[in-house]
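First the structure, in the form of structure tokens, and then the observations on it.
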Amino acid sequence: MASGMIESLAVAVAAGPEQLRPGASALRDLEKATAFAGASLAASRATGFEVAAMLLALRDAVLEHADIELADPIEGLFEWLVVVALDAFAAAGRRSVAERAAEELEQGTPVVLLTPEIPAVLLVGAPAEDALDSILARAMLLVVRVGAASLLVDVSGLADPGAAPVRTAVERLLAHRRMSTVELIVVGAPAELAARWRDLALTRGVGLHACERFDAALARALERAGLNVIRRPS
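Going by our numbering, the letters in the sequence shown line up with residues 882 to 1115, in that order.
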């Protein structure tokens, strides 16, 4: 990483001291190399202190061989490069955390059989569109495997059931050819959102039933599966 930065710095220095300032065209390759270094160090579990230390150590090494008239411009330049490297370091760290959280949410979202005949999905958090597609694909595999008459999808655990990724994923689910023989039972969706999904399901030839409570949804699924439902006194 340091070698690439030094090569880019040599190109910038050859363009003249006036080019050793943030935003100068001669610094573009150097800034890219610095950002790459910051992002790479984030992947290696380094700390922000270590990123800054690397840049400052490189500055000191360069100053040992720089002409006197270049000393001040190079010092100012490396202050800017520290900012560039730390910004890339922080951005890469945030992306890594977000990707890891999305992966864990995708893998950890419950897709279960409530009974041998009734699959259910318990959505939580704020999964991305790709994660939702993967989760609902797992649910459809269960539907096909057990020949389910219903699929329960509980959206009460979502941060925003009406979010764009959720809407898109539900639209794709309703378009699945296997859903023509399956009733989608949605639990916990706001009334307005449930009405929109019901209208969309109607246009796709899919049955959709909305329930406020999970026990009511399960009772409906049990009835559709032809299983006895024992109702306890309220």
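C-beta: ideal position from N, C-alpha, C; glycine also.
Within the 8 Å Cβ cut-off, does residue i reach chain C?
| i | result |
| --- | --- |
| residue 982 | No chain C is present in this structure, which holds just one protein chain. |
In this structure, does DSSP put residue i in helix, strand or coil?
| i | result |
| --- | --- |
| residue 987 | helix |
| residue 945 | coil |
| residue 1037 | strand |
| residue 1084 | helix |
| residue 1108 | coil |
| residue 997 | coil |
| residue 992 | strand |
| residue 1018 | helix |
| residue 921 | helix |
| residue 901 | coil |
| residue 1063 | coil |
| residue 1006 | strand |
Residue j and residue i - do their beta-carbons sit closer together than 8 Å?
| i | j | result |
| --- | --- | --- |
| residue 1063 | residue 1030 | yes |
| residue 910 | residue 884 | no |
| residue 919 | residue 959 | no |
| residue 1024 | residue 1032 | yes |
| residue 1043 | residue 1074 | yes |
| residue 898 | residue 951 | yes |
| residue 982 | residue 915 | no |
Measuring straight from C-alpha to C-alpha, what distance separates residue i and residue j?
| i | j | result |
| --- | --- | --- |
| residue 961 | residue 900 | 13 Å |
| residue 1104 | residue 996 | 12 Å |
| residue 1047 | residue 940 | 49 Å |
| residue 943 | residue 927 | 23 Å |
| residue 1065 | residue 1107 | 16 Å |
| residue 986 | residue 955 | 46 Å |
| residue 988 | residue 1016 | 8 Å |
| residue 973 | residue 1083 | 44 Å |
| residue 923 | residue 964 | 14 Å |
| residue 1027 | residue 977 | 37 Å |
| residue 917 | residue 945 | 25 Å |
| residue 905 | residue 912 | 10 Å |
Among the residues of its own chain, which have a CB less than 8 Å from the CB of residue i, if the five just before and after it don't count?
| i | result |
| --- | --- |
| residue 1086 | 1061 |
| residue 1113 | Residue confidence is low: residue 1113 scores 48 on pLDDT, short of 50, so the model does not pin down where it sits. No coordinate-derived value is stated. |
Quick one: what's got a C-beta closer than 7 Å to residue i's C-beta in the same chain, skipping five residues either side?
| i | result |
| --- | --- |
| residue 1056 | 1085 |
| residue 1050 | 1010, 1013, 1014 and 1017 |
Can you give me the Cβ contacts of residue i inside the same chain, cut-off strictly under 6 Å, excluding the 5 residues immediately before and after it?
| i | result |
| --- | --- |
| residue 907 | 893, 896 and 900 |
Query raised in the report: Are there three or more Cβ pairs, one per stretch, closer than 8 Å when the segment 1026-1040 is compared with the segment 992-1010?
Result: yes
Report task. Could you tell me whether the segment 983-996 touches the segment 916-936, using the rule of 3 or more Cβ pairs below 8 Å? Result -> no
Requested in this report: Report yes or no: do three or more beta-carbon pairs, one from the segment 1067-1074 and one from the segment 1092-1104, lie closer than 8 Å?
Outcome: yes
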